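Residue numbers (our numbering): 27 to 420.
The C-beta atom is built at its ideal place from N, Cα and C for all residues, glycine as well.
Model, not experiment: these values are computed from the prediction.
One structure below.
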Ligand code: V47
Ligand code: SF4
């Protein structure tokens, strides 16, 4: 990440004295300790926390807020972990009602929506389906690249990569190389959930372990494949579990520099076993918790350049507010999102460009459309005109 000008924190906005020494560290560009992270998660001074995160975010990105025009494609919801990822509402067993696996033609038909939209990225993830192995995805990526050569492919979580490697009896490295040759450009950050073994045993018992998730991303970074990272919060995890998770992400980033963005994911409790057990419906997290997770992500992950808010999960209005809590990037004009809608997200499945621009401008920020690697596609000024275009770092 490029050197960051020192943020200046307005101390009058901090009402919790525990934040003052952390403000000093942020101004000096010093790394926060796990103890600082716990303080940030516990402080009742949400606006003070937002002030710190906003100062750091402005030092990095000024007033610019980026978004990408993307389309989600979920080719199969059949998953062998259906019974053990108890937070997941999307997966099905092969013979269960609602189970599906797209043929290549179905994937291509869905991808053709990109012809009438601005789509520059396909975000492709699915279940761990025994009948959808490496060839299923390499054929799909080749066909997508032939049909939409300008569209970037961000595909397959670390958990799916490990599954494909096991089915093909290949190493993670060789699996990634085969996928990259077929057209995979970057990887999304899913499957991370919470790394601490205790939480994983409760919510995702049979899933790839936390250190294995890290190992897949390390391997991708070593091959030059950039990736994102996430944390699923708002279920059974403690603050210490969150800090442990963020520390593992920060350590890998110090080693490789391969993460582009961090996206905290708010747990949705509808239509999944965990939600029933916890007796929760609707929204499991609160606005405080959502803003806090974004702000702490910005401050604790001092080496990950972008923090993205996912408006489908936390509502467009909260995402807009988050632009003053350390966030510089919004999940884009997504078409056909399924994973959270199965879990109770009541937001729209896609947002038109106008809607996104209105939200960003309404927060007093400058909208910038980016590509998947955060190069500027076009910038917009405050009254809606396209101000400039061109490849530069966003
Ligand atoms: O790993 C599943 C989460 C993730 C639920 O990299 C749930 O740009 C909340 O990672 N409530 C997959 N979350 C999606 C993901 C993602 C999304 C947007 C952008 C990017 C990116 C990555 O969705 C899963 C899991 O953590 N998830 N079920 C649920 N009930
Ligand atoms: Fe399968 Fe992913 Fe759902 Fe787990 S979260 S059941 S791995 S689709």
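Query: Supposed close pair residue 42, residue 69 - CB separation, criterion 8 Å; Result: 5 Å
Query: Bridge-paired residues (DSSP) for residue 288; Result: 255, 333
Query: Residue of 111, 59, 52 minimising C-alpha distance to residue 295; Result: 111
Query: Length of the line joining the Cα atoms of residue 347 and residue 340; Result: 11 Å
Query: Three-pair Cβ contact test at 8 Å for the stretch 165-181 versus the stretch 200-217; Result: yes
Query: Contact under 9 Å by Cβ, residue 330 with residue 285; Result: yes
Query: Beta-carbon proximity of residue 45 to residue 71, cut-off 9 Å; Result: yes
Query: 3 or more residues per run - each beta strand (DSSP E) lying fully within the stretch 92-159; Result: 96-99, 147-150
Query: Simplified DSSP assignment, three categories, for residue 232; Result: coil
Query: Rounded straight-line distance, which links the Cα of residue 254 to that of residue 179; Result: 13 Å
Query: Residue 121: CB within 8 Å of a non-hydrogen atom of the ligand SF4; Result: no
Query: Bounding residues of the alpha helix (DSSP H) (the contiguous stretch that carries residue 302); Result: 299-303
Query: For residue 405, the first and last residue of its enclosing beta strand (DSSP E); Result: 402-406
Query: Pairwise C-alpha distance: residue 83 and residue 363; Result: Since pLDDT at residue 363 reaches only 49, below the 50 mark, its modelled position is unreliable, and the value read off the structure follows with that caveat. Between residue 363 and residue 83, the C-alpha separation is close to 28 Å.
Query: Proximity winner among 240, 136, 312, 305, relative to residue 283 (alpha-carbon distances); Result: 240
Query: Alpha-carbon to alpha-carbon, residue 203 and residue 50; Result: 44 Å
Query: Straight-line gap, residue 189 to residue 85 (C-alpha atoms, nearest Å); Result: 40 Å
Query: Reduced DSSP category for residue 183 - H, G, I as helix; E, B as strand; rest coil; Result: coil
Query: Collapsed DSSP secondary structure at residue 355 in the structure displayed; Result: strand
Query: Euclidean distance between Cα positions of residue 391 and residue 385; Result: 9 Å
Query: Three-state class that DSSP yields for residue 90 in the structure shown; Result: strand
Query: Pairwise C-alpha distance: residue 47 and residue 40; Result: 11 Å
Query: Residues near residue 199 by beta carbon distance below 6 Å, same chain, minus five either side; Result: 245
Query: Assigned exposure category for residue 95 - 16 Cβ within 10 Å defines buried; Result: buried
Query: Buried versus exposed call for residue 61 [16 or more other C-beta atoms within 10 Å across all chains shown]; Result: exposed
Query: Residue 398 burial status per 10 Å Cβ neighbour count (16 or more: buried); Result: buried
Query: CB contact below 9 Å: residue 68 versus chain B; Result: In the structure shown, chain B does not exist; there is a single protein chain.
Query: Inter-residue spacing [alpha-carbon to alpha-carbon] between residue 334 and residue 298; Result: 25 Å
Query: Residue 53: first and last residue of the uninterrupted alpha helix (DSSP H) it sits in; Result: 46-54
Query: Cβ distance (whole Å) where residue 102 is taken to contact residue 152 below 8 Å; Result: 4 Å
Query: Proximity to residue 115 [Cα-Cα], best of 293, 321, 404; Result: 293
Query: Contact under 9 Å by Cβ, residue 232 with residue 219; Result: no
Query: Enclosing beta strand (DSSP E) for residue 395 [first to last residue]; Result: 392-396
Query: Euclidean distance between Cα positions of residue 177 and residue 97; Result: 10 Å
Query: Rounded Cβ spacing between residue 395 and residue 387 (contact assumed at less than 8 Å); Result: Not confirmed; about 13 Å, so no contact.
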